[in-house]
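Sequential numbering of the sequence shown, starting at 145, is according to my numbering. Each residue gets a CB set at the ideal place from its N, CA and C atoms; glycine is no exception. What follows is a short report on a single structure.
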Amino acid sequence: MRTPYQSVHQIARRHAHERGDKVYAVAAESGFEVTFHQVFALCNQMASFLAKRGFKANDRVSVLADNCLSQMLLFHMVQAYGATINLVNCEVHTKNVEQILFDVEPKLILWHRDLAPELQAIARAAGVEHYTFDDNPVPSSTNEFFALLANEPTLSVPLVGTPQDFALINYTSGTTSSPKGVCCSHEAYFYVNDGDVQAFRLTETDRILEYRAVTWCSPQILSVCTTLQAGATIVLARKFSQSHFFQWVQRYGVTVSAGVPTAITMLLARPHPITKADLPTLRYMTTSTAPIAPETFDAFQKRYGIPLVQACGSSEGGFMFANDPDAPRRGPVGRPTPHINARFIDDAGNDTPVKVEGELFVGGIQVFSAYLLGRGNFLPTPPEGYRTGDLGYFDQDGYAFLTGRRKELIIRGGVNIAPLEISTILAEHPSVLEAATIGVPDNIYGEAIACFVVPQPGHSPSVDELRAHLRKKVSDYKMPESITFMDAIPKSDRGKTSREGLMKYWQDHVQSGPRS
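In C-alpha cells:
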C-alpha cells in the first residue's frame, strides 16, 4: 500500500509537534545544532517572506553555496512554502553558473557571504532581489538573510502550489556541454524519499553522516530529505575528511554514512587503527554515484568490518536500485526501490530475459517531470517512462547488475563529465585539427579523463599549451589526466569516433608509460 503524500510543510509541522526539541541537523565541524521545532519555525518565516513578495507555485529561488546548515535548510524552507528551489553547484565553470541563472529565471537569489567574488558578480548581474547568508541560520550582522527572516512570524501562513508543481530544479551535466535542469514535482520527490526511507531501512533513531555536495541529487535523497521524512538526524560536513571521518562517526553516534568509491579508496590508502568494534552505532556505509571495484569493496570490508551497501540512482529517477542493508551483496546495485518501475529492454522495447543485457528503462511516480533545456524551454518526461542510457540486466533473484552506459559520460569521483565539452574546447585551439575524449580506469576516482589530439598540419602544440587553453574554459575537475597526440583519431566504418580504438591505444601507449 502506497504511503499517503505529505508536503514538506506537513512533514515539518508533524515533527515539530511530535519531537520538537530533537536535533534534526548538526554541523559536523562545529557541532552547531538545529531542532525540528526550529526547522518548522524557519519554514513558516520563509513562507511569510515569500508570500509578501507575491511568490507563486513554480516561482524559483536560487541558492549558491557550499555545504552548510543554512544552505540545506533553505532547500526545505522554499519547498515548504510551495515554491521551487534551485541549489547551484558552485564548482562548475562560471559560464555554466551564468547560464543556469539565466535559464532558471529566479525571483530571488541567495548566496553564502564567502562565495567567490566572480560568482557573486554573476548573481548580482541577474538583476533580481538578492541577499547573503552565513553558515548557520542565526540572525546577525554578517547573516543578512536570516536577520531579515527574524522579523517574520513563526506562525503558518497560506501556502501555494499543488503536488504536481515543481519542487526543485537540479542540474546534471548530461551528454552535451550545456547542463540540463531536471525538474521534479513535490509529489515525485516525496515518493523518491519515501522509497529511500524504506529501501535503506531508516527510522527516527538514525543519524546519517553526509559530506557530499548537497547540490547533488544523491545527498539530497539519501540524507537531507530522508532524515526529515523519517524524523531522523543528519550530520552535515562541508566535505569529506579522511582524518576526521571516524571521529565524526564516534562523536555523533552516526548509524549510517554516505559513501562514494573515492572516499572508500582514500580510507583504504591511509588505514586508520579502527574497526567496526570501535564504531558500535554504525550500521553500514553506502556506496553509489560511481562503480566500485570489487577488490576495493572486499578490502574495505576486510580492513574495517563496515558493511557496504551498494545503490544506484540518478537526478531524473532518484535511487532506482538499492541493496538490502541487512543482507548487502557485492556486485549488484540492488533490487528496484519501492516506487520505481524498472526494466531492461532491447532496441525494440521488449523486456530482456534474465542475465541478458538491455538498456535500463524506468518510470513511476518518483521520476522527474521535465528537463529545463533553456529559458522557458521544457522537455516533458514521457508518461510511460524513459531510457536512462545505462546497460545491464536482472539476475534470477531480481537483483540488477549494470554493465556499461550507452551515454558516453565520464564519471570521475561520482561527478558526471561530458567528454564532448572537453573535445570541443580542445578543437577550438588553432593548432588542433581534431580531438576526442574518453574515460579510462582510475584506482582513486573510478574514471580519469584521457584526451587525444590530432594537430593541424605544420603545427606542434605542446601539452602545457593545450592545458592552459582548457583551464580558461573548464573547471579543474574536468582537466584531463593525459593528452596524447595522434596522427588520426580511430573511426568506425561509418566515420564515427571509435571509443574502443581509443581505449586500446590508451592501454597500449599511455597506460603503461608516464602520463602527459
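When DSSP builds the beta bridges, which residues end up paired with residue i?
| i | result |
| --- | --- |
| residue 284 | 287 |
| residue 626 | 594 |
| residue 495 | 489 |
| residue 635 | 641 |
| residue 521 | 518 |
| residue 324 | 316 |
| residue 228 | 204 |
| residue 599 | 576 |
| residue 274 | 253 |
| residue 401 | 353, 429 |
| residue 504 | 488 |
| residue 466 | 455, 479 |
| residue 379 | 170, 353 |
| residue 413 | DSSP output for residue 413 lists no bridge partner at all. |
| residue 177 | 170 |
| residue 546 | 536 |
| residue 310 | 329 |
What I want to know is whether the C-beta of residue i ends up closer than 8 Å to one or more non-hydrogen atoms of the ligand FMN.
| i | result |
| --- | --- |
| residue 232 | This structure lacks the ligand FMN, and indeed carries no ligand of any kind. |
For my contact list, residue i and residue j are in at a C-beta cut-off of 8 Å; report their separation, rounded to the angstrom.
| i | j | result |
| --- | --- | --- |
| residue 224 | residue 269 | 29 Å between Cβ atoms; not a contact. |
| residue 381 | residue 346 | So it is not a contact: roughly 19 Å between Cβ atoms. |
| residue 197 | residue 313 | Residue 197 to residue 313, Cβ: 19 Å. No contact. |
| residue 406 | residue 440 | 10 Å between Cβ atoms; not a contact. |
| residue 208 | residue 292 | Not quite, the Cβ-Cβ distance comes to about 18 Å (not below 8 Å), so this is no contact. |
| residue 394 | residue 423 | 7 Å |
| residue 343 | residue 482 | 7 Å |
Short of 6 Å in beta carbon distance, which residues of its chain neighbour residue i, apart from the five on each side in sequence? Order them along the chain.
| i | result |
| --- | --- |
| residue 567 | 579, 580, 581 |
| residue 533 | 549, 550, 551 |
| residue 591 | 554, 555, 556, 583 |
| residue 390 | 416, 418 |
| residue 318 | Caution is warranted here: a pLDDT of 46 is assigned to residue 318, below 50, making its placement in the model unreliable, and no coordinate value can be reported. |
| residue 645 | 634 |
| residue 326 | 314, 316, 459, 460, 512 |
| residue 617 | 569 |
| residue 154 | none |
| residue 201 | 226, 304, 305, 309 |
Among residues of its own chain, excluding the 5 on either side of residue i, which ones have a beta-carbon nearer than 8 Å to its beta-carbon?
| i | result |
| --- | --- |
| residue 320 | Because the pLDDT of residue 320 is 45, which lies under 50, any placement of that residue in the model is unreliable, and the question is left without a value. |
| residue 217 | 169, 178, 183, 186, 281 |
| residue 653 | 628 |
| residue 374 | 341, 346, 347, 348, 350 |
| residue 358 | 211, 215, 216, 219, 231, 364, 368, 380 |
| residue 294 | 189, 283 |
The alpha helix (DSSP H) with residue i in it runs from where to where?
| i | result |
| --- | --- |
| residue 475 | Element bounds for residue 475: n/a, residue is neither H nor E. |
| residue 217 | 213–225 |
| residue 186 | 180–196 |
| residue 153 | 152–163 |
| residue 729 | There is simply no residue 729 to check, as the chain begins at 145 and stops at 660 in what is shown. |
| residue 265 | 261–269 |
| residue 440 | 438–448 |
| residue 109 | Nothing about residue 109 can be read from this structure; the chain reaches only from 145 to 660. |
| residue 372 | 369–374 |
| residue 238 | 238–248 |
| residue 346 | Run containing residue 346: none; DSSP gives neither H nor E here. |
| residue 394 | 389–396 |
In chain order, what residues of the same chain have a beta carbon less than 7 Å from the beta carbon of residue i, not counting five sequence neighbours either side?
| i | result |
| --- | --- |
| residue 152 | 220, 223, 224 |
| residue 414 | 386 |
| residue 427 | 399, 400, 469 |
| residue 659 | In this prediction, residue 659 has a pLDDT of 47, which is less than 50 and means its spatial position is unreliable; what the coordinates show is noted afterwards. Closer than 7 Å at the Cβ level, and outside the excluded window around residue 659, lie 625, 626. |
| residue 519 | 246, 247, 249 |
| residue 165 | 179, 181 |
| residue 288 | 275, 276, 277 |
Considering residue i, what are the terminal residues of the beta strand (DSSP E) in which it resides?
| i | result |
| --- | --- |
| residue 454 | 452–458 |
| residue 427 | Note, residue 427: premise wrong, no beta strand (DSSP E); not H, not E. |
| residue 576 | 576–586 |
| residue 255 | 252–256 |
| residue 560 | 559–561 |
| residue 168 | 167–171 |
| residue 556 | 554–556 |
Please confirm if the region 212–220 is in contact with the region 274–288, defined as three or more CB-CB distances below 8 Å between the two stretches.
Flag = yes, the region 212–220 and the region 274–288 touch.
So does the region 321–331 actually touch the region 297–308, counting three or more Cβ pairs closer than 8 Å?
In the pairwise beta carbon analysis, the region 321–331 is classified as touching the region 297–308: at least three pairs are separated by under 8 Å.
Closer than 8 Å is the cut-off here; do at least three beta carbon pairs connect the region 228–238 with the region 157–166?
Counting Cβ pairs under 8 Å, fewer than three are found: no touch.
Decide if the region 485–499 is in contact with the region 529–549; the criterion is three or more beta carbon pairs, one per stretch, under 8 Å apart.
Three or more pairs of CB atoms, one per stretch, sit closer than 8 Å, so the region 485–499 contacts the region 529–549.
Can we say the region 450–470 touches the region 501–519, given the rule of at least three CB pairs closer than 8 Å?
The answer is yes - the region 501–519 touches the region 450–470, with three or more Cβ pairs under 8 Å.
Is there contact between the region 354–371 and the region 446–459, where contact requires at least three CB pairs shorter than 8 Å?
Yes, the region 354–371 touches the region 446–459.
Do the region 240–260 and the region 391–410 touch if we need at least three Cβ pairs shorter than 8 Å?
Contact fails: fewer than three Cβ-Cβ distances are below 8 Å.
So, does the region 471–491 touch the region 592–609, judging by three or more C-beta pairs under 8 Å?
The region 471–491 vs the region 592–609: no contact.
At a cut of 8 Å, does the region 179–195 reach the region 298–305 through at least three beta carbon pairs?
With a cut-off of 8 Å, the region 298–305 and the region 179–195 count as touching, because enough Cβ pairs lie within range.
Count Cβ pairs between the region 440–451 and the region 610–630 that sit closer than 8 Å; are there 3 or more?
Cβ pair count under 8 Å is below three, so no.
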